[in-house]
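The numbering used here puts the first residue of the sequence shown at 1, with every later residue one more than the last. Note that the Cβ used here is the ideal one computed from N, Cα and C, for glycine as well. Since this is a predicted model, take the numbers as computed values, not measurements.
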Amino acid sequence: MALQYLSSHSSLPRLITILGFYIILHFPFYSLSSSVHVSSTSTSTPTTSLLIIEHGKEALTLVTWKSNLHTQSQYFLSSWSGASPCNHWLGVTCHKSGSVSGLNLHNCGLIGTLHNLDFFSLPNLLTLNLYNNSFYGTIPIHIGNLSKLITILDLGFNNFNGIIPHQVGLLTSLSFLALATNHLRGPIPHSIGNLMNLTTLYLYQNELSGSIPQEIGSLRSLNDLRLSTNNLSGPIPPSIGNLRNLTTLYLYQNELSGSIPQEIGLLISLNYLALSTNNLSGPIPPSIGNLRNLTTLYLYQNELFGSIPQEIGLLRSLNDLELSTNNLSGPIPLSIGNLRNLTTLYLYQNELSGSIPQEIGLLRSLNVLDLAKNNLSGPIPHSIGNLSRLTGLFLFQNELSGSIPQEIGLLRSLNNLSLSTNNLNGSIPPEMRHLAQLRVLKLSENNLTGQLPHEICLGGVLERFTAEGNHLTGSIPKSLRNCTSLLRVRLERNQLTGNITEDFGMYPNLIYIDLSYNNLYGELSRKWGQCNSLTSLKISNNNISGMIPHQLWEATKLEQLDLSSNHIVGEIPKELGMLKSLFNLVLSNNKLSGNIPLELGNLSDLAHLNLASNHLSGLIPQQVRNFWKLLSLNLSNNRFGESIPSEIGNVVTLESLDLCQNMLTGEIPQQLGELQSLETLNLSHNNLSGTIPLTFDDLRGLTSINISYNQLEGSLPNLKAFRDAPFEALRNNKGLCGNITGLEACNIGKKKGNKLFIFIILLISSILLLSFISYGIYFLRRRVRSRKINSREVATHQDLFAMWGHDGEMLYEHIIEGTEDFNSKNCIGSGGYGIVYKAELPTSRVVAVKKLHSTQDGEMADLKAFKSEIHALAEIRHRNIVKLYGFCSCSENSFLVYEFMEKGSLRNILSNKDEAIEFDWVLRLNVVKGMAEALSYMHHDCSPPLIHRDISSNNVLLDSEYVAHVSDFGTARLLKSDSSNWTSFAGTFGYIAPELAYGPKVDNKTDVYSFGVVTLETIFGKHPGELISSLFSSASSSSSSPSTVYHLLLNEEIDQRLSPPMNQVAEEVVVAVKLALAC
C-alpha cells in the first residue's frame, strides 16, 4: 500500500520518502540485530546500507535537476523515477556497483541550465555528454566539483553564454572536452594547460576573445585542437610546436595576427591545418615542408606575402591546398608538380607572376584548379590536357597570352572553364566541342578571333556562356538555337553576323542575354516573349529591322530592355506598359514613330527611359508623373510639340533631363524647380519662350545646363551651373542677360525703374494672400476643434505650422499610420533632440521621420533646433545632403520627414564587423569625397554660408549605394556678413577642435576639424581618440619626416578588417589621411 501511495506523487518527493524509508528501516534493524547476530552481519550490512544511501543521493540529485528543467524536458525524462538511477533511466549508465558513471543525453532536445545539477553528488561520473540540446545560462563554476576521474565532458551545440570558468582546469583526467557552438565569450582560461590527458579540445564557433594562451603547449597528448570561428586575436603561440601528437589544428576564422611560427613545422603528425580567414602576415615558413602527413592545408584569406616556398612540394600526401586571397608573389614553384595526390589547388587572388609551370600537368588527380586574379603571363601550358579529372579550371583576370591550347578538349569532365580577362589570341579550338559536360564557359575580354565553335552546346547542359569583348566573327553557333539550358549569354562587343530571327530559339530558363555591338540583322522574333525567366534583353548597336513584337509583354520578369541604335520602325507597342518590373527602357537611335503610348505610365519602377533620336511626335504625356523612381529621361532629337508638361516636376528623383532638339513651345514650367535632385538639364534647340522661372534658384544640385537655340529672355538664375556654363550652352536666345562672356549684362537701371511697380504688385498680392490665409486658418481651426471634441479633450495648443510635399502623398495621417503611431519597433535611431522612425507610406515610399522631444506640458523641447533644421534644409539642395520632404509642428506631435537612408549611419557600419568588411576602400574614399562636397557647398555655395557645427560619424548617413549624406542640422547656423556670429556650445565631444569647443564665435573651422576626425574614423574603422594629439606631439618632438609619420600611422591604425589598399587606391587613402590631419 505504501508503494501504491507513493506512485501517485511526483518522483522528487517519492525519492525523498524512499531514502528516508531505507535509513529508518536499515539502521534500527542493524542496531537490534547486531546485538543478537554479531557474527553474521557486522561485515556486510553497513557497506550495503551506505551504498543504498549513496545511490539514493545520486537519484535525488538527478531528479532535483530534472525538476528544474523545462516541462517538455521533464516529460522526455519520465523514465527517471524510482529509487535507482540504474534501473532503465534514459541516458544513465552505471558501474557494476550501481553508482552513476555516465550521463549521455545528447540530441535529446532538453531545455534548462546546469545550475541545479549538484556535480559533487555524482562522485563516480566518468562521462557527461549533453551535446546538441538547448541548455542555456553560464557554465557554473562548481563544474570543478565533477569527479576527478571524469574523462569526457561534452557541452557542445547548446546556448551556453558567459565565460569558460577556470575551474575546468581542475578536471585533470579529462581526455575529451567540447564546448563548441555556444555563445561563450571572454578568454580561454590559462588553467586549460592543466589538462595533461586531453586528446580532444573543441572550443570552435563561440565568441571567445583574447589571445591563445601559451599554456596550450602543455597539452602534449592532444590529437585534435579546434578553436575556429571565434574572435581570438594576437599571435599563434610558438608553444604550439610542443603538440607533437596533433593530427588536426583548426584556427580559422578568427582575428589572429603576426606570422605563422616556424614551430608549426614540428607538428609532424598533422593531417589537417587550417589557419584561413585571419590577419596573419609574413611569409609561409619553409618548415611547413616537414609536415609530410598533411592532407589539407588552408592558409587562404590572410595577409601573407613573399613567395610560395619550394618546400611545399614535399607535402606529397596533400589533397587540398588553398593559399588564395593573400599577397603572395613570385612564380608558382616547380615543386608543385610533386603533389600527385592533390585534388584541389586554389592560388587565386594573389600577386603571383611568371608563367604557369608545365609541371602542373603532373597533378593528374586534380579536380579544381583556380589560379585566377594574379599576374600570371605566358601561354597556357599544353600539359594542362593531362588533367583528365578536372571539373573546374579558373584562369581569369591574369595576363596570359598565346592561343587556347587544343589539348583543353581532352578535359572531358570539365563543367566550368573561365579564361576571361587575359590577353589570349587566336581562334577558339574546335576540340572544345568535346566538352559535353560544360555548364559554364567564360572567354570574355580577350583578343580572340575567328568563329564561335558550332557545337558549343552539344551536351545540352550549357548554362553560362560569355565571350564579350573579343574580335569574334561569323554567325551564332547553330547548337545555341536549341540550347534550352542557357541561363546567361553575353556576346556583346564582337563582330558577329547572322540573322537574329533564325539563330535564336526559345529559352525557358534564360535570365540575361546581351548581343549588343555586333552586326546582327533580321527582325526580333516574338519568341523572346516566351522566355518566361528573362530579366535583361540587350541587342543594341546592331542592324535589327522590323517592328518591336508586342508579344514581348509576355516576358513579365523583364527588367532591362535595350534595343537602341538599330533600324527598328513602327510605333512603340502599348503592351510594353504591362512589364511592371521594367526599370531600364532604351529604344533610342531607331526609326520609331507615332506617340509615346500612355500605357508606359504604368511602369512605376522605371529608373531610366531613353527614347532619343527617333521620329516620335505628339505631346509628352502627362503620365510621366507616375515615374516616381525615374533617374534619367531622354526624349531628345524627336518631333515632340507644344509645351513641356508641368507634371515632370512631380518626378522628384530625376537627375538628368534631356528634351533638346524637339519642337517644344511655350514657357519653361516653374514646376521644374521642384526637381531638386536634378544635375543635368538640356532644353536646347526648341522654341521655348519667356523667362527662366524663379524656382530654378532651388536647383542647388544642378551641375550642367544647356538652354541654347530657344527664344528665352531675362536674367539667368544665380546658380553655379549657370555661372560656369559656356556661352555655347546659352547662345541664340531672344534676350538672355547675365555676367557671362558673350551675354549682355542685365539692365540694372531698368530694374530700379520697375521697383515701385513691383512693390505695389507685391503689396496687393500680399494683402490678398494674407486674407486667404486668415480665412483658411479660421476655417482650419474650426474643423480641428470640432474633430478633437468628438475624439478627446480640446487641445490647449494651436498648430504652429504644417508643410508637405508637392505630390500630396505625405499626409499627417499617413505618417502616423506608417510609424504605427510612433511605435518603438519602428525606431531606427535617436538624435540630440529627437527620435528617428522608419515609415512606409501608402505609395510604398519609405521615409525617415524625426519626432521631436517634448516637455511634460506638451511643448516642444527645442523649438530653436527644430526651426534651425527646417531653415537650413529648406534652403539647400545637394546630392550629399539629406533631403527634407516636409515637417509638422502641432499640439500632438512635432516631426520632420526626410529621405530614408538604407545603410544607416557611418558609425553603425564601422562598428559592425560584417558591414565594415563590405565597406571597402573605394566606398570609404567616396564617403570622404561626399562629405567634402557637402561641406564645400555649405561653406562656399550657400549665401550666406551655412555652418553645420555637429559633423560626426553619427550624422553622416549612407544610402543603398553608400553615397554619403550629411544630416542633423539642428545646431546649424548661417554665417552672417556682419560678424555677429556668436553662439553657445554645440557639437559632439570628440569631433570638436579643443580650441573651438568653448569659443562662442561660429566659424567654418568647426566643420573642417570635425571633417578631419570623421575622415580618420572612416579610414581607421574607429574613432581616432587621443591619436591626433599624440601624433602631433610625437611628430613635433621627433626627427622623423612627415612621410614616415604617415607611413607608421597607416600601418598601425588603418582598419585591419580590410585587406590593405593597393596601387591607386592606396595613394588616395594616404592623401585622405594627410588631408584629415591637415584639418
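Check: N-terminal and C-terminal residue of the beta strand (DSSP E) that residue 632 is part of; Outcome: 632-634
Check: Environment of residue 851 [buried if 16+ CB atoms lie within 10 Å]; Outcome: buried
Check: The beta strand (DSSP E) enclosing residue 839, as first and last residue numbers; Outcome: 834-840
Check: Neighbourhood of residue 392 by C-beta distance below 6 Å, restricted to the same chain and skipping five residues each side; Outcome: 368, 416
Check: Check whether residue 218 and residue 197 have beta carbons under 8 Å apart; Outcome: no
Check: Option nearest residue 344 by Cα separation, candidates 323, 884, 319; Outcome: 319
Check: Assigned exposure category for residue 1025 - 16 Cβ within 10 Å defines buried; Outcome: exposed
Check: Check: residue 76 C-beta below 7 Å from any heavy atom of the ligand SAM; Outcome: By its list of ligands, the structure shown contains no ligand whatsoever, and the ligand SAM lies outside what it can speak to.
Check: Short Cβ contact (8 Å threshold) for residue 645 with residue 668; Outcome: no
Check: Same chain, Cβ closer than 6 Å to residue 633, five either side skipped, listed in chain order; Outcome: 609, 657
Check: Integer-rounded CB distance, given that residue 135 should sit under 8 Å from residue 160; Outcome: 6 Å
Check: Classification of residue 1062 by the beta-carbon crowding that lies within 10 angstroms, buried from 16 upward; Outcome: exposed
Check: Neighbourhood of residue 526 by C-beta distance below 7 Å, restricted to the same chain and skipping five residues each side; Outcome: 549, 551
Check: Run of the alpha helix (DSSP H) containing residue 1019, from where it starts to where it stops; Outcome: 1005-1020
Check: Residue 486 vs residue 509 beta-carbon contact at 8 Å; Outcome: yes
Check: Between the CA atoms of residue 139 and residue 115 - distance to the nearest angstrom; Outcome: 8 Å
Check: Nearest-angstrom Cα separation, counted from residue 539 out to residue 563; Outcome: 5 Å
Check: Whole-angstrom distance between residue 195 and residue 85, CA atom to CA atom; Outcome: 30 Å
Check: Residue burial classification, residue 914 (beta-carbon count within 10 angstroms, cutoff 16); Outcome: exposed
Check: Distance, residue 423 Cα to residue 1064 Cα; Outcome: 23 Å
Check: Length-filtered (3 minimum) beta strand (DSSP E) runs lying within the segment 228-305; Outcome: 231-234, 248-250, 272-274, 296-298
Check: First and last residue of the uninterrupted alpha helix (DSSP H) at residue 935; Outcome: 921-936
Check: Exposed unless 16 or more other CB atoms sit within 10 angstroms - verdict on residue 598; Outcome: exposed
Check: Residues near residue 742 in its chain [Cβ-Cβ closer than 8 Å; skip 5 each side]; Outcome: 727, 730, 731
Check: Start-end ranges of the beta strand (DSSP E) lying completely within the segment 401-474, minimum 3 residues; Outcome: 416-418, 423-427, 440-442, 447-449, 464-466
Check: Collapsed DSSP secondary structure at residue 1038 in the structure displayed; Outcome: Because the pLDDT at residue 1038 is just 47, under 50, the model does not fix this residue reliably, and the point stays unresolved.
Check: Three-pair Cβ contact test at 8 Å for the segment 74-85 versus the segment 117-128; Outcome: no
Check: Outcome for residue 90 when other beta-carbon atoms lying within 10 angstroms are tallied against a minimum of 16; Outcome: exposed
Check: Residue 562, enclosing beta strand (DSSP E) - first and last residue; Outcome: 560-562
Check: Three-state secondary structure assigned by DSSP to residue 547; Outcome: coil
Check: Alpha helix (DSSP H) segment containing residue 728, residue limits; Outcome: Element bounds for residue 728: n/a, residue is neither H nor E.
Check: Assigned exposure category for residue 903 - 16 Cβ within 10 Å defines buried; Outcome: buried
Check: Beta-carbon proximity list for residue 753, same chain, < 7 Å, skipping 5 on both sides; Outcome: Only weak support is given to the placement of residue 753: the predicted model assigns it a pLDDT of 44, under 50, and the question is left unresolved by the model.
Check: Reference residue 546, options 561, 529, 946, 521, closest by Cα; Outcome: 521
Check: Residue span of the alpha helix (DSSP H) that contains residue 1068, given as start and end; Outcome: 1063-1078
Check: Counted within 10 angstroms of its Cβ, other Cβ atoms place residue 735 as buried (16 or more) or exposed; Outcome: exposed
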